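Residue numbers (my numbering): 21 to 99. Where is the CB? At the ideal position from N, CA and C, for every residue including glycine. Since we're looking at a predicted model, the values are computed, not measured. These notes are about the structure you will find just below.
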Ligand SMILES: [Zn+2]
């Protein structure tokens, strides 16, 4: 397994409101014969898990709301 989990600095869990408890990684998603790697954010505190799909990227929404660039930086690093 080469699953890399990375903490998102300054991010708050939408479920339990814990700071700096969110990790970001990519999860393999197999549909038919195509494999995609879906960005996922997960709270290590309460187990909250959310897939960030291409259609609805939560990270982008946060940036628009004036949230810190932390999530954006992580995205760039992952590429
Ligand atoms: Zn949480």
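| query | Can residue 31 be considered in contact with ligand 1, in the sense that its beta carbon sits closer than 7 Å to one or more heavy atoms? | reply | no
| query | Can you pull the DSSP bridge partners for residue 54? | reply | 51
| field | Same chain, Cβ closer than 7 Å to residue 64, neighbours up to 5 away in sequence not counted | value | 41, 43
| message | Are the CB atoms of residue 45 and residue 25 within a distance shorter than 8 Å? | response | yes
| query | Does DSSP put residue 24 in a helix, in a strand, or in coil? | reply | coil
| request: Report the three-state DSSP secondary structure of residue 78 (helix, strand or coil). | output: At residue 78 the pLDDT is 48, less than 50, meaning the model places this residue with poor confidence and gives no usable figure here.
| C-alpha distance - residue 55 paired with residue 47, whole-angstrom precision | 10 Å
| message | Between the alpha carbons of residue 36 and residue 51, how many angstroms are there, rounded? | response | 31 Å
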